[in-house]
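J.:
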Amino acid sequence: MDDLTKRGNHILSVRAGVALLVPAFVFIGLFLFFPFIWVFLISFTNRTLLGAAAQDPEFVGLGNYLRLFDFSRWMRSGEFGHSLYLTVIFVIGSLIGQVTLGLAIAFAFNRRRGKLREIIYTLVTLAWILPETAIGFTWTAFLDGRRGTLNAILGAFGIEGVEWLLEFPLLSITVFNIWRGTAFSMLLFSAALGNIRPSYLETADVAGAGPWQRFRDIMFPLISPQFVTALVLVTLWTFNVFTPFLLTGGGPAFGSDIIAIHTYRVAFQFFEFGRGSAIAVIVMTINLILAASYLFGLKRKEVAT
Amino acid sequence: MNLPKYVLARIGFYVFVVIVATAFALPLLWLLLAPFGRQATLAVRIPSEPTLANFVSVFRNAFAMRALFVNSIIQAVGAMLLITAVATLTAYSLSRIRLPGRDMFVYMLILFSSVVTGSAAMVPIFLLIFELGLIDSHTGVILVFTGGLLPVAIFIMRDFMQSLPKSYEESALVNGASTLQMLRHVVLPLTRPGMMVIGIWAFVNVWGSFLIPFILLRSPDRMPAATATYSFYTEAGTPVITLVSAYALLYILPVLALYLFVNWRYGFQFFGGIKS
Numbered sequence: 003m004d005d006l007t008k009r010g011n012h013i014l015s016v017r018a019g020v021a022l023l024v025p026a027f028v029f030i031g032l033f034l035f036f037p038f039i040w041v042f043l044i045s046f047t048n049r050t051l052l053g054a055a056a057q058d059p060e061f062v063g064l065g066n067y068l069r070l071f072d073f074s075r076w077m078r079s080g081e082f083g084h085s086l087y088l089t090v091i092f093v094i095g096s097l098i099g100q101v102t103l104g105l106a107i108a109f110a111f112n113r114r115r116g117k118l119r120e121i122i123y124t125l126v127t128l129a130w131i132l133p134e135t136a137i138g139f140t141w142t143a144f145l146d147g148r149r150g151t152l153n154a155i156l157g158a159f160g161i162e163g164v165e166w167l168l169e170f171p172l173l174s175i176t177v178f179n180i181w182r183g184t185a186f187s188m189l190l191f192s193a194a195l196g197n198i199r200p201s202y203l204e205t206a207d208v209a210g211a212g213p214w215q216r217f218r219d220i221m222f223p224l225i226s227p228q229f230v231t232a233l234v235l236v237t238l239w240t241f242n243v244f245t246p247f248l249l250t251g252g253g254p255a256f257g258s259d260i261i262a263i264h265t266y267r268v269a270f271q272f273f274e275f276g277r278g279s280a281i282a283v284i285v286m287t288i289n290l291i292l293a294a295s296y297l298f299g300l301k302r303k304e305v306a307t
Numbered sequence: 413m414n415l416p417k418y419v420l421a422r423i424g425f426y427v428f429v430v431i432v433a434t435a436f437a438l439p440l441l442w443l444l445l446a447p448f449g450r451q452a453t454l455a456v457r458i459p460s461e462p463t464l465a466n467f468v469s470v471f472r473n474a475f476a477m478r479a480l481f482v483n484s485i486i487q488a489v490g491a492m493l494l495i496t497a498v499a500t501l502t503a504y505s506l507s508r509i510r511l512p513g514r515d516m517f518v519y520m521l522i523l524f525s526s527v528v529t530g531s532a533a534m535v536p537i538f539l540l541i542f543e544l545g546l547i548d549s550h551t552g553v554i555l556v557f558t559g560g561l562l563p564v565a566i567f568i569m570r571d572f573m574q575s576l577p578k579s580y581e582e583s584a585l586v587n588g589a590s591t592l593q594m595l596r597h598v599v600l601p602l603t604r605p606g607m608m609v610i611g612i613w614a615f616v617n618v619w620g621s622f623l624i625p626f627i628l629l630r631s632p633d634r635m636p637a638a639t640a641t642y643s644f645y646t647e648a649g650t651p652v653i654t655l656v657s658a659y660a661l662l663y664i665l666p667v668l669a670l671y672l673f674v675n676w677r678y679g680f681q682f683f684g685g686i687k688s
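Chains as they are written, first to last, in our numbering: chain A, 3 to 307; chain B, 413 to 688.
Take a look at the structure:
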């Protein structure tokens, strides 16, 4: 009793509690916070991997940023503006695809159980959680021009196949990314739809609402918080995803040079760490806007309930 | 609903299900079938004479085996243990002491980890590991994964800890247990299910991630299966397609097994919608 009072009615003394936090502080400080600060500093230098600028990088001010936003060349393929443009298409395509498909699957199986649902949910979830390299490999085989499965199927319908990854690189990685990421929206929406009280829907039935009206007027408003969550998080993740590198490597001719691949190329193929860091700063700024808007939305919701 | 409309809705449902099932199954099905084929093929085809020869060849390849059974395991298990241990201590502390702003702290952590992603921070992470002299080492990979995955691990673990009743701990203390004894004999057994979930989650994440080992490791004898598979299929020609698919199948097996285990044991849920 006395002992417990001394602890101020807490199980852990503050000192013991803080001691337990130290390892996390060290790891997060060193491997998350420090890189975050450092990338800003490097972005103002001409640091490279090898050579004189590796040992003793010079301060170049905003040079790297001016180079990125040099509007006379920035839309040429392989340049930063071009990469941003491809990324926007890739993100919007993935977002629409994943959210629509996820919602459609969740809606189709709402309040259904059984083998069919089990099979679909397992397949979609596996597409999401299996290691990316193995998935990248099967997709290169799947999309192969001469002997891939996709063209074999199209051939059965009399449609001539193409070299998907070479002729439609951006479309290919977008479809791939929809396939890879739909599970998140599906799981999120099926949890949300499952939480809707059956009585609401019964009332709608009694009032004579059709399926579409029921969805639009009752279900959709009730799952709109999850809808916003899906929009923001899928955007954030897709914006940062590196996995398409495993299909196209960013090519051909920079045709699928989305921002994560672009950063990798500048930093690790040209070894221009300064310019790579400037890109990273811009990417993190966009990430910050997305993540902050999500978190503040989340907090407001919590306060409201 | 009248009958024709009902029939139409049912047909629509089954058409939709068949399309979705086919689209999601085909790429995976190939990975399941190709390793058992005698000839290199890229189309989904049930092998006429199934063979295990491809697996035998893979098992004879020292580089492939080392990547899968030594390097991947060292890195994934190492990061798993470190993440689980640190996240458990942190989450316990955060759920049991009253520090001002601790909820804000966790929110900021999550914010941070989603802003400083692997693709944004690859330059400073590489340079940091380079300066620490840990390029091309298992330690470097493990440390970077630990830093990156900890915030989410702490977040999930804190949720779990807050749902545990404090009365067991209080009665242990009332009965004269020291803090360490209480942690060991009361808290640890209670948190084991949560630790298990975090451990599996961390293992699967590290096992399947490509970018971090890809930039931090140079020599073939330290590469995990993630980068080994990539170097196989980008550098090798079509004749070894069957071999690579056999290897890729072995590589995904642990994740498949863990998924089935989690699904059977807990039901696959998802933790505030966070995968990686």
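Ideal placement from N, C-alpha and C gives every residue a C-beta, glycine not left out.
#1: Mind listing the chain B neighbours of N242(A)? Cutoff is C-beta to C-beta under 9 Å, in chain order.
#2: What residues in its chain sit with their C-beta under 8 Å from that of D548(B), if we drop five residues either side in the sequence?
#3: Answer yes or no: do M607(B) and T500(B) have a C-beta to C-beta separation smaller than 8 Å?
#4: Taking its Cβ as the centre, do 16 or more other Cβ atoms sit within 10 Å of D259(A), making it buried, or is it exposed?
#5: Consider the Cβ of P651(B): report whether some Cβ of chain A lies at a distance smaller than 8 Å.
#6: When the cut-off is 8 Å and only beta carbons count, does F622(B) lie next to chain A?
#7: Assuming V616(B) and L668(B) make a contact with CB atoms under 8 Å, what is their CB distance in whole Å?
#8: For a cutoff of 8 Å on Cβ pairs, would you count F615(B) as touching chain A?
#9: Check the Cβ-Cβ distances between W676(B) and every residue of chain A, and say whether any is below 8 Å.
#10: Whose C-alpha, out of I175(A), V20(A), G95(A), L167(A), is nearest the C-alpha of P254(A)?
#11: Which residues in chain A have a C-beta closer than 8 Å to the C-beta of R508(B)? List them in chain order.
#12: Taking only three categories from DSSP, how would you classify F29(A)?
#13: Under 8 Å, do F33(A) and G559(B) count as touching if we go by C-beta distance?
#14: Leaving out five residues before and five after F191(A) in sequence, what residues of the same chain have Cβ atoms less than 7 Å from its Cβ?
#15: Can the beta-carbon of F308(A) be found closer than 8 Å to that of L562(B)?
#16: Which residues in chain A have a C-beta closer than 9 Å to the C-beta of G449(B)? List them in chain order.
#17: Does the beta-carbon of P651(B) have 16 or more other beta-carbons within 10 angstroms, so that it is buried, or is it exposed?
#18: Within 8 Å, do at least three Cβ pairs link the segment 287 to 296 of chain A to the segment 61 to 74 of chain A?
#19: Please report the distance separating the alpha-carbon of T463(B) from that of L546(B).
#20: Whole angstroms is fine: what's the gap from R182(A)'s alpha carbon to L249(A)'s?
#21: When you compare only the Cα positions, how much space is there between P625(B) and A638(B)?
#22: Is T265(A) helix, strand or coil when you go by DSSP?
#23: Step through the CB atoms of chain A and report whether any lies within less than 8 Å of the CB of Y418(B).
#24: What are the residues of the segment 277 to 296 of chain A that lie near chain B, defined by any Cβ-Cβ distance shorter than 7 Å?
#25: If the cut is a Cβ gap below 7 Å, which residues of chain A does S505(B) touch?
#26: For chain B, is any of its Cβ atoms less than 8 Å away from the one on L248(A)?
#27: Alpha carbon to alpha carbon, what distance is there between F448(B) and T654(B)?
#28: So the candidates are L602(B), V430(B), Y642(B); which of them puts its Cα closest to the Cα of I137(A)?
#29: Please list the terminal residues of the continuous alpha helix (DSSP H) segment that includes A640(B).
#30: How would you list, in chain order, the residues of chain B whose beta-carbon sits under 8 Å from the beta-carbon of W181(A)?
#31: Chain A beta carbons: is any one of them nearer than 8 Å to that of G552(B)?
#32: To which residues of the same chain is L602(B) closer than 8 Å at the C-beta, ignoring the five residues directly before and after it?
#33: Locate the alpha helix (DSSP H) running through N179(A), then write down its first and last residues.
#34: Would T135(A) count as contacting chain B if we go by Cβ distances under 8 Å?
#35: Cβ closer than 7 Å: which chain B residues qualify as neighbours of V126(A)?
#36: Kindly indicate which residue of W40(A), P223(A), S187(A) has the alpha-carbon position closest to the one of I198(A).
T.: Reading it off the structure:
#1: S526, T529, G530, S531, A532
#2: L628, L629, R630, S631, R634
#3: yes
#4: buried
#5: Caution is warranted here: a pLDDT of 49 is assigned to P651(B), below 50, making its placement in the model unreliable, and the coordinate value is therefore given only provisionally. Answer no: the Cβ-Cβ gap between P651(B) and chain A never drops below 8 Å.
#6: yes
#7: At roughly 10 Å, the Cβ-Cβ gap does not stay under 8 Å, so V616(B) and L668(B) are not in contact.
#8: no
#9: no
#10: L167(A)
#11: H12, I13, L14, G19
#12: helix
#13: yes
#14: G104, L105, A108, I225, Q228
#15: Within the shown structure, residues of chain A are numbered from 3 to 307, placing residue 308(A) beyond reach of any answer.
#16: Neighbours of G449(B) on chain A: none; closest Cβ ~12 Å, over 9 Å.
#17: With a pLDDT of 49 at P651(B), under the threshold of 50, the modelled position of this residue cannot be trusted; read the value that follows with caution. Exposed, since its Cβ has fewer than 16 Cβ neighbours within 10 Å.
#18: no
#19: 42 Å
#20: 13 Å
#21: 8 Å
#22: helix
#23: no
#24: G278, S279, A282, V285, M286, N289, L290, A293, A294
#25: L14, G19, L22, L23
#26: yes
#27: 8 Å
#28: Y642(B)
#29: 637 to 647
#30: A435, F436, P439
#31: no
#32: L576, Y580
#33: 171 to 196
#34: yes
#35: F436
#36: P223(A)
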